[in-house]
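Everything on this sheet refers to the single structure shown next.
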Amino acid sequence: MILQEEGSKSTAPTEDEDEHGTTARGNAASVLGHGRPRPDPQQCVRTRDELIAEVASQKAEVHRQTETKKQQDAIIKDLLRRLDRANASQDELQATIEKQNEELQEQKSTFEQRIAAVHQNTTALMEKTAKDLEDRLAKAKTENVELITKIHVQKVAAAEDRRKAAEEEEVLTKVAELEKKEAQKKIVESKLTTLGTEKENEIDTLGKDLDHAILLVKTLALTDEAMTEEQQALKIIQDQPEQEVEPQQSSLASPGRPPTANPS
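Heads up, the sequence shown is in numbering that gives the first Met the number 0, so the first residue is 0 and it goes up one at a time.
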């Protein structure tokens, strides 16, 4: 701000300066050859503006750094508060840990005592279990020997049963075959009986037919004989004289024999 006021003051021409900003003493010095050469007014103005801008930039940088420092201070204070809280929490945590360690030590001691008791009980139980297992093993061996003997006896009995069953099956098979043959025999006998009956019926029929034929032959023979006798009688009658015909007819018509019919 001060630099800006000084710069604004220096920009206005004084009584000793001309319109180009050059004093008379400066001109005189430059004319006399004493001092530096006369600077360019435009360059002076540019240098002054640059200085003003640089000062403003520095002030802004200082302001930014100040704000940054404030923020950093606030952050540091917050971190310190957090650190204090963390320290307090750590102390509480340390106390809690120590208390838990004490409890764990007590629990460890209790567990060690329990483990010792369990180990002692387990050892006794294992010894007892081992003895029981040995007794059971011996008993199982004895039972296995007895069981093997029983199984062997059962196998022998089963083999004998299978042999008997096979023999029985063979006998049953033979009986079935015999029954089958007997049934076939009965069927054959029945067929033979039926056939014999049929043959007997046929023979009876043939015998009856034969008897009928014989009777017919006999009848025919008798008929032929009667016809022959009648022919002979007729011949005799024809050969005899007429007066002898009546007595001959009367003899032919005797009561012991009926007159023979004419076969024609």
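We put the beta carbon where it would ideally sit given N, CA and C, even for glycine.
Remember, it's a predicted structure, so these values are computed and weren't measured experimentally.
Original post:
Apart from the five residues on each side of it in sequence, which residues of its chain come closer than 6 Å, Cβ to Cβ, to G206?
Top reply: In the sequence shown, residue 206 corresponds to position 207, counting from 1. Hits under 6 Å: none found.
**OP:** Have a look at T218 and A182 and give me their C-alpha separation to the nearest angstrom.
**Re:** Within the sequence shown, numbered from 1, the residue matching residue 218 stands at position 219. Within the sequence shown, numbered from 1, the residue matching residue 182 stands at position 183. T218 and A182: Cα-Cα distance of roughly 52 Å.
Original post:
To the nearest angstrom, how far is it from the Cα of E159 to the Cα of L132?
Top reply: Within the sequence shown, the letter at position 160 stands for residue 159. Within the sequence shown, the letter at position 133 stands for residue 132. For E159 and L132, the distance between alpha carbons rounds to 39 Å.
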